[in-house]
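Colleague: Got a structure for you, questions after.
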Amino acid sequence: MLPLLKVAFGQGLRGIILILLPLAFISLITWATAGSSTGNTADPMRAAIWFFLIAHHIPLDLSLSNETISGRLTFFPIGALIIPFLVIKSALMRMSERLGASRASEKRAQLLALSFTYSLLGTLLSLASLGSTVKAPFYIVFPILFLVSLVSGYIASNLLPDQGMQFPWQRALKLAALLVLALVGFAGLVFSFSLIWHFDTVLDLTRVIEPGVFGGLAFLFIQILYLPNFFISTLSYIAGSGVVIGNETWLNPFVHRLDEIPAISLLG
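Heads up: the sequence shown begins at 1 in the numbering used here, then just goes up one per residue.
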């Protein structure tokens, strides 16, 4: 057990560093070129940790300007989940090379150990980002990190049970999944046509945000990660239920309730 935890700790630490270092570099370059009102170099480091938490879909509590402007940031890019997926997949492959795993039970033990150490280190890291304006509730950081890493590991290592299509409900579930994917694909086409039609509006929103050179590259990458969200939102819009992207907002074919300029320009 001790060698397993030791290797899992090393791979969990390596995985967090692999995610955090590029984020810290991008945050530091963006901060240096865009400037800051405080001049505190700890700000981009905290931002890198916030982006790390966002990549795992951990809600952030916001208190901006004053106590009257507050809320919880939960509208995160679904595409960002590919980042922890690739990191966990790489860590599991390295653990298998060092420890060996001929049986499925050994692979599951390695995955559980990796998920535990990865989540524990991520929770300790989140404590360093605590501030007066942005913070993550510590009591939900560990469960979400553990769940994301565990599911990513199960998918990456093919540990999901494979029972074939023995029962009718399994075939029905597969058919339903294919239909949902087809509907999301259709919604993606509709969104693409809408983006072409409203491209000038998207450009105007981007100019208003003024992300700068390096910030613009990071901004473009974030927009790409948000594409799955927009496809699903488009499907919800077509279905008539609409989309909610913040407090007191609602977008559907019959209601357009969006008073503020969105920070995500593709919403144009």
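Just so it is clear, CB atoms sit at the ideal spot from N, CA and C, and this is done for glycine as well.
(1) To the nearest angstrom, report how far apart Leu121 and Val87 are at their CA atoms.
(2) How about Val280 and Ile58: are their beta carbons less than 8 Å apart?
(3) Give every residue of the same chain whose Cβ lies closer than 7 Å to the Cβ of Gln11, excluding the five residues on either side of it in the sequence, and list them in chain order.
(4) What residue does the alpha helix (DSSP H) around Leu227 start on, and which one ends it?
(5) Can you check whether the CB of Phe219 is closer than 8 Å to the CB of Gly188?
(6) Closer than 6 Å by C-beta to Leu28: which residues in its own chain qualify, once you throw out the five before and the five after it? Chain order, please.
(7) In terms of residues, what are the limits of the alpha helix (DSSP H) holding Leu60?
(8) CB-CB under 7 Å to Thr249, same chain, minus the five flanking residues each way: which ones, in chain order?
(9) What residues are listed by DSSP as bridge partners for His256?
(10) Which of helix, strand or coil does DSSP assign to Val270?
(11) Out of Phe75, Ala32, Gly71, which has the shortest C-alpha to C-alpha gap to Phe51?
(12) Could you check what DSSP says for Arg72 in three-state terms: helix, strand or coil?
(13) According to DSSP, simplified to helix, strand and coil, what is Val243?
(14) What do you reckon, are the CB atoms on Ala48 and Leu13 nearer than 8 Å?
(15) How big is the Cα-Cα spacing for Leu179 and Thr133?
(16) Tyr237 to Val208, Cα distance in whole Å?
(17) Pull up the CB-CB distance for Leu235 and Leu183, whole angstroms please, since I reckon it's below 8 Å.
(18) Report the rounded CA-to-CA distance for Leu269 versus Leu175, giving the unit in angstroms.
(19) Would you grab the beta carbon distance between Arg217 and Tyr154 for me? Rounded to a whole angstrom, and I think it's under 8 Å.
(20) Which residue from Asp61, Ala177, Leu205, Ser149 puts its Cα closest to that of Lys135?
(21) Rounded to the nearest angstrom, what separates Pro22 and Phe193 at their Cα positions?
(22) Look at His56 and Leu2 and say whether their C-beta atoms are less than 8 Å apart.
Modeller: In this structure, then:
(1) As a working note, residue 121 is residue 121 in the sequence shown. As a working note, residue 87 is residue 87 in the sequence shown. Between Leu121 and Val87, the C-alpha separation is close to 14 Å.
(2) It is not possible to answer for residue 280, since the shown part of the chain is limited to 1 through 268.
(3) The residue given as residue 11 occupies position 11 in the sequence shown. Cβ within range, chain order: Ala91, Arg94, Met95, Leu114.
(4) One-based indexing of the sequence shown puts residue 227 at position 227. Unbroken alpha helix (DSSP H) run through Leu227: 227–239.
(5) Here residue 188 refers to the residue found at position 188 of the sequence shown. Here residue 219 refers to the residue found at position 219 of the sequence shown. No, the pair does not count as a contact, with Cβ atoms beyond the cut-off.
(6) Taking the first residue of the sequence shown as position 1, residue 28 is located at position 28. Hits under 6 Å: Pro44.
(7) The residue labelled residue 60 in the question sits at position 60 within the sequence shown. Counting along the chain, Leu60 falls outside any alpha helix (DSSP H), though it belongs to the beta strand (DSSP E) covering 60–63.
(8) Counted from its first residue, the sequence shown places residue 249 at position 249. Cβ neighbours of Thr249 beyond the five flanking positions: Arg257, Leu258.
(9) As a first step, residue 256 must be located in the sequence shown, where it is residue number 256. In DSSP, His256 forms a bridge with Leu251.
(10) Because residue 270 is not part of the residues shown, which for the chain are 1 to 268, the question remains open.
(11) What you label residue 51 is simply residue 51 of the sequence shown in a count that begins at 1. Cα-wise, what sits closest to Phe51 is Phe75.
(12) As a position in the sequence shown, residue 72 is number 72, starting the count at 1. Three-state result, Arg72: strand.
(13) Against the sequence shown, residue 243 aligns to sequence position 243. Of the three classes helix, strand and coil, the one that applies to Val243 here is strand, per DSSP.
(14) Looking up residue 48 in the sequence shown gives position 48. Looking up residue 13 in the sequence shown gives position 13. Not a contact, by the Cβ cut-off of 8 Å.
(15) Working through the sequence shown from its first residue, we reach residue 179 at position 179. Working through the sequence shown from its first residue, we reach residue 133 at position 133. Cα to Cα, Leu179 sits roughly 43 Å from Thr133.
(16) Along the sequence shown, one-based indexing puts residue 237 at 237. Along the sequence shown, one-based indexing puts residue 208 at 208. Spanning the two alpha carbons is a distance of roughly 26 Å.
(17) Indexing the sequence shown from 1 puts residue 235 at position 235. Indexing the sequence shown from 1 puts residue 183 at position 183. That pair is a contact at about 6 Å.
(18) Absent from the model: residue 269. The displayed extent of the chain is 1 to 268, so no value can be given.
(19) Here residue 217 refers to the residue found at position 217 of the sequence shown. Here residue 154 refers to the residue found at position 154 of the sequence shown. Correcting the residue type first, residue 217 is Leu in the shown sequence and not Arg. With 8 Å as the limit, Leu217 and Tyr154 do not qualify as a contact, their Cβ atoms being about 33 Å apart.
(20) Locating residue 135 in the sequence shown gives position 135, where the first residue counts as 1. The shortest C-alpha separation from Lys135 is found at Asp61.
(21) Along the sequence shown, read from residue 1 onward, the residue named residue 22 stands at position 22. Along the sequence shown, read from residue 1 onward, the residue named residue 193 stands at position 193. Cα-Cα distance, rounded: 33 Å.
(22) As a first step, residue 56 must be located in the sequence shown, where it is residue number 56. As a first step, residue 2 must be located in the sequence shown, where it is residue number 2. No, Cβ-Cβ distance for His56 and Leu2 is not below 8 Å.
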